[in-house]
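Remarks on the structure that follows.
In the working numbering, the protein residues as written are 1 to 320.
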């Protein structure tokens with residue numbers, strides 16, 4: 001068997017099917033091109049339980065993640081006699097994302113986790129331990145059992161998903177004097193809004209390149225990319241809205257406010273304006289997610305009618 005640490009290899013495994021004497025060939029390889037994106041998406045839709053179909057990563061998340069060459073290099077697909085049966089990748093935060101046809105979970109589960117560990121290991125600059133992380137809904141019992149079987153430990157980190165029925169009255173957005181909400185003008189503002197995002201969340205992740213990747217996804221609509229502009233012309237906040245026309249749902253996520261302008265009601269105003277736009281586009285409900293410890297954002301959502309829909313829990317496995 002080839003080493004999973006070699007990103008360009010194609011690995012062939014031999015395994016027997018229960019009740020059959022014929023040996024079937026299981027192969028795995030690195031992500032190649034856009035055809036593999038469709039394979040990943042089709043497999044997700046086919047094998048993910050319906051109640052978890054919109055869990056992370058959904059289509060738009062896959063588009064964002066796989067726009068990164070580093071993530072594509074961390075993406076592996078598994079096949080049985082040429083038919084896709086599983087995929088896995090590790091993103092830029094060492095988070096493992098995967099789907100396996102349930103018929104192959106027992107035989108391929110260890111390979112998926114080992115692949116994730118190898119991706120983390122090759123990125124380590126020293127021998128200091130790191131963790132391979134992942135998450136799922138708190139009621140996704142099958143996935144939780146899988147993670148525990150493969151050595152993952154639940155952490156204290158959580159996320160909450162919030163939902164709002166758009167048939168209920170939507171409050172008018174209220175802004176401080178001199179502030180206005182408008183759509184992003186175009187890609188020439190990507191650098192400025194990315195810089196604001198980094199300050200809002202205290203992270204280096206949202207580079208201009210990553211912001212442009214978001215703007216290239218299939219569900220992105222420039223007219224729904226809302227920014228708050230301060231009296232001096234600075235970008236004070238942002239909320240990227242999107243609509244899933246098939247499911248008639250909308251997203252108001254993420255909401256980012258520059259530290260200088262936090263506590264002024266800008267997030268609430270962006271959520272209100274976002275809901276107005278989503279309803280105009282035919283959405284029947286609005287959704288956003290935030291960290292479980294971000295009580296301020298949760299309270300802001302509640303102030304305009306959002307309620308917690310479900311909680312996501314996190315797991316880690318030490319890699320050294």
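For each residue, glycine too, the CB sits at the ideal point set by N, CA and C.
Thinking just about the alpha-carbon of each residue, which of the options is nearest to the one in residue i?
| i | options | result |
| --- | --- | --- |
| residue 233 | 250, 222, 184 | 184 |
| residue 27 | 85, 46, 192 | 85 |
| residue 285 | 213, 304, 102, 231 | 304 |
| residue 315 | 133, 164, 186, 221 | 133 |
| residue 154 | 165, 138, 163 | 138 |
| residue 81 | 49, 25, 42, 242 | 25 |
| residue 30 | 62, 79, 237, 64 | 79 |
| residue 104 | 123, 83, 90 | 83 |
| residue 244 | 282, 72, 111, 116 | 282 |
| residue 247 | 38, 51, 42 | 51 |
| residue 116 | 239, 53, 152, 279 | 152 |
| residue 320 | 211, 114, 293 | 114 |
Using beta-carbon positions only, say whether residue i and residue j come within less than 8 Å of one another.
| i | j | result |
| --- | --- | --- |
| residue 226 | residue 273 | yes |
| residue 130 | residue 94 | yes |
| residue 77 | residue 36 | yes |
| residue 312 | residue 119 | no |
| residue 176 | residue 264 | yes |
| residue 325 | residue 160 | Residue 325 is absent from the structure shown; the chain starts at 1 and stops at 320. |
| residue 180 | residue 229 | yes |
| residue 190 | residue 208 | yes |
| residue 236 | residue 214 | no |
| residue 98 | residue 40 | no |
| residue 358 | residue 102 | The chain is shown from 1 up to 320; residue 358 falls before or after that span and cannot be answered. |
| residue 89 | residue 75 | yes |
| residue 45 | residue 219 | no |
| residue 241 | residue 295 | no |
| residue 34 | residue 217 | no |
| residue 231 | residue 301 | no |
Tell me whether residue i sits in a helix, a strand or coil according to DSSP, three-state version.
| i | result |
| --- | --- |
| residue 180 | strand |
| residue 6 | Note on residue 6: pLDDT 36, under 50, position unreliable in the model; the coordinate value appears next. Coil at residue 6, not helix or strand. |
| residue 223 | helix |
| residue 187 | helix |
| residue 48 | coil |
| residue 246 | coil |
| residue 132 | strand |
| residue 32 | coil |
| residue 315 | strand |
| residue 79 | strand |
| residue 201 | helix |
| residue 254 | strand |
| residue 208 | helix |
| residue 23 | In this prediction, residue 23 scores a pLDDT of 35, lower than 50, which makes its location untrustworthy; the coordinate-derived value is nonetheless stated afterwards. Three-state DSSP puts residue 23 in a strand. |
| residue 308 | strand |
| residue 144 | helix |
| residue 18 | With a pLDDT of only 35 at residue 18, under 50, the local geometry of the prediction cannot be trusted, and no value is derived from it. |
| residue 169 | coil |
| residue 153 | strand |
| residue 93 | coil |
| residue 320 | coil |
| residue 70 | helix |
| residue 377 | As shown, the chain starts at 1 and ends at 320. That puts residue 377 outside it, with no answer to give. |
| residue 301 | helix |
| residue 264 | coil |
| residue 138 | coil |
| residue 107 | helix |
| residue 61 | helix |
Go through its chain and collect everything with a Cβ distance to residue i's Cβ below 7 Å, but skip five positions before and after it.
| i | result |
| --- | --- |
| residue 109 | 100, 146, 150 |
| residue 308 | 160, 162 |
| residue 182 | 227, 229 |
| residue 72 | 31, 66 |
| residue 124 | 130 |
| residue 223 | 183 |
| residue 143 | 136 |
Only counting the same chain, and skipping five residues up and downstream in sequence, which positions put a Cβ closer than 6 Å to that of residue i?
| i | result |
| --- | --- |
| residue 318 | 129, 131 |
| residue 19 | Its pLDDT being 32, under 50, residue 19 is placed unreliably by the model, and nothing is read from it. |
| residue 197 | 206, 256 |
| residue 67 | 213 |
| residue 112 | 88, 98 |
| residue 279 | 166 |
Using a Cβ-based criterion (distance less than 7 Å to any ligand heavy atom), does residue i qualify as near the ligand ATP?
| i | result |
| --- | --- |
| residue 267 | The model on display carries no ligand, and the ligand ATP is accordingly not part of it. |
Sorted by chain position, which residues of the same chain lie with C-beta nearer than 8 Å to residue i's C-beta, five sequence neighbours on each side aside?
| i | result |
| --- | --- |
| residue 167 | 284 |
| residue 259 | 199, 200 |
| residue 70 | 92 |
| residue 164 | 275, 285, 286, 287, 301, 304, 305, 306, 307 |
| residue 370 | This structure does not reach residue 370, given that the chain is present from 1 up to 320, and the question cannot be answered. |
Looking at the C-beta of residue i, does it have a partner C-beta in chain C at a distance below 8 Å?
| i | result |
| --- | --- |
| residue 196 | This model lacks chain C altogether; it includes just one protein chain. |
* Report yes or no: do three or more beta-carbon pairs, one from the region 269–285 and one from the region 171–185, lie closer than 8 Å? => yes
* Asked: Does the count of Cβ pairs from the region 238–252 and the region 282–297 closer than 8 Å reach three?
  -> yes
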